[in-house]
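Step one of this worksheet: look at the structure below.
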Amino acid sequence: MKKHGLIILICLALIFITTAKSYSDTDADDDTEVGQVLTVKGSVYLIRDSQRNNAEPQMQLLLKDTVETDRGARAKLFFMDDSILNLGELSKVKVKEYLYSPEKKRSRSIYRLISGSLKMVVGRSDLEIHTPTAVAAARGTKFIVWVEGSGDNMYTGIITLESEVVVKNIVKGITGEVTVKSGQMSRVYMDKPPEAAQPIDMKIMRQFNDQTMVLGNTIKGPGRLRKGIPMQLTEGLYMFQPPVFQEPVETSVPVTIKVIFP
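Its first residue numbered 324, the sequence shown is counted upward by one per residue in my numbering.
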């Protein structure tokens, strides 16, 4: 019996070690590269390990990095799952969690919008935006999130431009969630469930759409991201330009060639 008991203990220990290792392998380190700065306008800062530096195009983004913008400033960030984050002025966002699977070519990511506004184009990702009052979960969509007010009057606004976004209060004890579909918006106030989805207020949408539009300094000269997406640069703006393959054009118009011999 003692021998069988020892064997069982050894097996349990091996299972525990294997399980612990599998979890540690999936946990991303703080120095894991998750993306890249594409474009900046005005004063944009990258905060890493309490060090605050000017953000520049082509600068790597790592897990736990924070990007912050001054008044009138903008930033466009590109991530390995093809998601694009446009950060508005007076805004601050942190890469809270980012787990990327090269095999599945998908990621699970969480960004913390501390203040300000952002517009997100979600690529191959199960993505969440956390704010002081809300959680916005999305997949394969385009939406705008902003934080406004202070104290008990603080709220998060969500505008869905494509597909849908599921919204709830960030406090787990506050029940209720709302699905905000394309062309709709919602607000989540401190300690309250999200408001019912309603049609977009076009004045608000234009305001935050303009605030997150990024025109500014870009990479000098042609460049490629690690993901190999080719780019065409215009003045102050990144244009994503996929390869174009042109087939020969068929024509039914006859061509006559006249040959004159001397």
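Each residue gets a CB set at the ideal place from its N, CA and C atoms; glycine is no exception. Note that the structure is predicted; figures quoted are calculated from it, not measured.
- Beta bridge pairing from DSSP links residue 373 with no other residue.
- For residue 530, no pairing in a beta bridge is given by DSSP.
- One Cα belongs to residue 463, the other to residue 444, and the distance between them is close to 8 Å.
- Taking C-beta separations shorter than 6 Å and ignoring five residues to either side along the sequence, the partners of residue 479 in its chain run 454, 456, 457, 470 and 511, following chain order.
- Taking the Cα of residue 402 as reference, the smallest distance to any Cα among 431, 481 and 394 is reached at 431.
- Per DSSP, the continuous beta strand (DSSP E) segment holding residue 492 begins and ends at 487-492.
- DSSP lists 399 and 442 as the beta-bridge partner residues of residue 409.
- Across the set 367, 528, 485 and 437, the C-alpha of 367 shows the shortest separation from the C-alpha of residue 394.
- In the DSSP secondary-structure assignment, residue 450 is bridged to 432 and 461.
- Taking C-beta separations shorter than 6 Å and ignoring five residues to either side along the sequence, the partners of residue 389 in its chain run 370 and 417, following chain order.
- Residue 396 is positioned such that its CB atom lies no closer than 8 Å to that of residue 362.
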